[in-house]
Structure formats: C-alpha cells, structure tokens
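Same order as they appear, the protein sequences are chains A and B. The first sequence begins at 5 in the numbering used here and counts up one residue at a time. The second sequence begins at 2 in the numbering used here and counts up one residue at a time. Virtual Cβ for every residue (Gly too), placed ideally from N, Cα, C. Every value quoted in this text rests on a predicted model; they were computed, and no experiment measured them.
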Amino acid sequence: MNDFLNSIDYLMLLKAFIIGGVLCILAQILIDKTKLTPARILVLYVTCGCILGGLGIYKYLVDFAGCGATVPLTGFGYTLSKGVIDEVRSLGLLGAFTGGIKTTAAGITAAIFFGYIAALVSKPKMKKQ
Amino acid sequence: MPINSNKEYQNYVDKKSPNSPIFKNCFNAFWVGGLICVIGQLIFDYCIYRGFSKDLASSLVSISLIFISAFLTALNLFNRIGKFAGAGSLIPITGFANSIISPAMEYKSEGYVMGVGTKMFTVAGPVLVYGISTSVIVGIIYLIFNTQAILLV
C-alpha cells in the first residue's frame with residue numbers, strides 16, 4: 005500500500021481536480037444562464053467531446069489532466085471517437101460502425117446492468133414533488 | 002403601491018425574487034466535480050499500479066464510478082448530492098449513470114418491461130444516439146481524409 009501511495013502523481017491529481025471542476029462549472033453556467041435541460045447539456049457534452057476527439061484536440065487535454073478529462077461526459081465522447089478512429093485504421097469502413105461501442109462498452113453495460121439491479125432491489129415510490 | 006403595467010410588475014418580481022446564486026452553484030459544482038475526477042484518477046493510478054493496461058484501467062474507472070453512483074442512487078443519497086452540486090455530479094460519468102438508474106427505479110411500478118426497460122433511456126437514449134451518430138461521422142470523415150482533421154487545418 006505504501007508503494008502505491010508513493011507511486012501516485014499528486015500533480016496529476018491536482019490537474020484532474022481543476023480540469024474536471026472547470027468542465028462542471030461550464031455546465032453549471034449553461035444550466036443557470038440558458039435554461040437548457042440537463043439532458044440537452046449531456047448531449048451537448050458528448051457531442052462536443054466526440055467532435056473535439058475527432059479533431060485530435062481533446063487528446064491533449066487527456067494527456068494533460070488524465071481522469072479530469074476522461075471522467076466528465078466529454079471524455080465519453082472522446083472515447084467514442086478514439087475507438088472509431090482506431091477501428092477505422094485497422095478495419096476500414098466497418099470500423100466506423102464497430103469502434104465506438106467497443107471502447108465504451110464497459111461504461112454503457114455497467115450503467116444498464118447496475119441500473120437494472122438497483123431497480124430490482126429498490127421499493128417503488130411516488131415521485132416527490 | 003399599486004402595480005399598473007407589466008413592466009412595473011416585472012421590476013417588482015425582480016426585486017422580490019432572490020438572485021440566482023450562480024457563484025455558489027459554480028463553486029459547489031467545481032469542487033464536487035473535481036473531487037469525482039480525483040477519485041477516478043486514484044482508481045486509475047491504482048489499476049496502473051496493479052499492472053493493468055491504460056485502456057483496461059479507463060474501463061475499470063468507468064465501471065467503478067458507475068457502481069458507486071448506482072449504490073448511492075439506490076440509497077437515495079445521489080439525489081441529495083445532485084441538488085447540492087448541480088452540474089458537479091451531472092457532468093462526470095456518475096451523472097450519466099444516475100440518469101439511467103434513477104428513472105429505472107422510479108418507474109418500477111409501471112412494470113419491468115415498459116417501466117424499467119423503457120424509462121431507463123429517457124435521458125441516456127439521446128446521449129447515446131447523438132454520441133454514437135457523431136462518432137460514426139467522425140469515423141467516415143477519418144476514412145475519407147485518412148488523417149485527424151486538425152492536421153488538415
């Protein structure tokens with residue numbers, strides 16, 4: 005365990021904290037100022053991440069901030085575009101259809117499966133107003 | 002003071018309604034969002050330390066954070082964090098997970114297929130549709146130009 009604590013890059017943690025926080029501030033400003041619904045903001049973030057990933061820009065942010073860039077939803081979009089580009093390189097056109105889900109499969113499947121389990125074990129309740 | 006016109010009424014409302022505490026919201030969003038990313042980074046570091054590859058470590062980070070999010074949502078704690086942190090818990094992958102898990106639990110009473118199965122994707126559906134469609138377009142553009150677009154500019 006001590007080895008692990010020594011191996012942590014603390015500067016990276018700080019960078020992850022700041023970049024992740026800033027991405028959340030941008031979304032918070034959008035929520036407060038434009039009345040966009042959360043669903044639209046999530047869509048906006050994923051699409052932006054995917055486009056920036058396709059342009060090759062987002063990679064620099066990931067190299068800089070690690071999970072600060074990959075954990076927010078823009079990182080989900082980046083992972084989609086990264087998978088697609090890698091697959092297109094090896095498979096051609098077919099890769100455009102297989103690459104995206106392949107790299108994000110873990111996240112999507114985990115969310116669906118854990119969501120289903122949570123629904124199974126929880127008691128249904130009335131929506132609180 | 003009687004209110005005679007719409008404009009006066011609007012001024013009156015503006016004066017009475019509290020200012021949107023945008024700075025407080027942003028501050029809360031900043032540190033909660035940052036903290037979630039730091040937890041992700043710690044899990045990532047631990048996976049690397051245990052000798053996993055980078056891609057596998059990223060997947061494990063997503064799965065772990067989604068599991069934590071599912072756990073907190075099931076205990077009804079995540080909604081409270083969400084109210085406090087706003088976008089801070091929405092934007093990290095925990096928010097995506099919450100947007101799947103929360104309606105799944107809520108609509109259980111409407112049945113397992115049309116309730117849980119359908120409502121799960123009320124928010125996540127659009128995210129996946131637009132994310133995946135964009136990625137296919139990115140792939141096709143990459144195929145045509147055979148380079149990342151930034152090198153073209």
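Just checking: is the beta-carbon of B/F146 within a distance shorter than 8 Å of some beta-carbon in chain A?
Position 145 of the second sequence holds residue 146 of chain B. Cβ-Cβ to chain A under 8 Å: no for B/F146.
With a threshold of 7 Å (Cβ to nearest heavy atom), would A/A43 be considered close to the ligand SAH?
This structure lacks the ligand SAH, and indeed carries no ligand of any kind.
Where A/I121 sits in the DSSP three-state scheme
Along the first sequence, read from residue 1 onward, the residue named residue 121 of chain A stands at position 117. A/I121 falls in the helix class under three-state DSSP.
Kindly give me the distance between the Cβ atoms of A/K106 and A/G81, rounded to whole angstroms, as I take these residues to be in contact under 8 Å.
Residue numbering aside, residue 106 of chain A sits at position 102 when the first sequence is read from its first letter. Residue numbering aside, residue 81 of chain A sits at position 77 when the first sequence is read from its first letter. Contact flag wrong, Cβ pair sits at about 15 Å.
Measuring straight from C-alpha to C-alpha, what distance separates A/I45 and A/I35?
Your numbering for residue 45 of chain A matches position 41 in the first sequence. Your numbering for residue 35 of chain A matches position 31 in the first sequence. Spanning the two alpha carbons is a distance of roughly 8 Å.
Which residue comes first and which comes last in the alpha helix (DSSP H) that contains A/G58?
What you label residue 58 of chain A is simply residue 54 of the first sequence in a count that begins at 1. Segment 42-59, the alpha helix (DSSP H) holding A/G58.
Looking at the secondary structure, which residues open and close the alpha helix (DSSP H) in which B/G118 lies?
For the purposes of this step, residue 118 of chain B is taken as the residue at position 117 of the second sequence. Neither: B/G118 is in no alpha helix (DSSP H) and is coded neither H nor E.
7 Å Cβ cut-off: residues of chain B touching A/M16:
The count along the first sequence starts at 1 and reaches residue 16 of chain A at position 12. Simply Q42.
Let me check one thing: in DSSP terms, what residues is B/P93 bridge-paired to?
For the purposes of this step, residue 93 of chain B is identified with residue 92 of the second sequence, where counting begins at 1. According to DSSP, which records beta bridges pairwise, B/P93 is partnered with A/P76.
Inter-stretch contact (C-beta, 8 Å, three-pair minimum) for the stretch 36-52 of chain B and the stretch 19-32 of chain A:
yes
What are the boundary residues of the alpha helix (DSSP H) that includes A/G70?
Here residue 70 of chain A corresponds to residue number 66 of the first sequence, with the count starting at 1. Where A/G70 is concerned, there is no enclosing alpha helix (DSSP H), given that its DSSP letter is neither H nor E.
Separation of B/L129 from A/T51, as counted between CA atoms
Numbered from its first residue, the first sequence carries residue 51 of chain A at position 47. Numbered from its first residue, the second sequence carries residue 129 of chain B at position 128. Near 10 Å, if we compare the C-alpha coordinates of B/L129 and A/T51.
In chain order, what residues of the same chain lie with their CB nearer than 6 Å to the CB of A/G58, ignoring the 5 residues before and after it?
Position 54 of the first sequence, counted from the first residue, corresponds to residue 58 of chain A. S85.
I'd like to know if A/D67 contacts chain B, where contact means its C-beta is closer than 8 Å to some C-beta of that chain.
Taking the first residue of the first sequence as position 1, residue 67 of chain A is located at position 63. It does not: the Cβ of A/D67 has no partner Cβ on chain B nearer than 8 Å.
Tell me whether B/N176 is buried or exposed, calling it buried when 16 or more other Cβ atoms sit within 10 Å of its Cβ.
Here chain B covers residues 2 to 154 and nothing more, so residue 176 of chain B does not appear.
If you reduce the DSSP assignment to three classes, tell me which class B/R51 lands in.
Position 50 of the second sequence, counted from the first residue, corresponds to residue 51 of chain B. The answer is coil: DSSP assigns B/R51 none of H, G, I, E or B.
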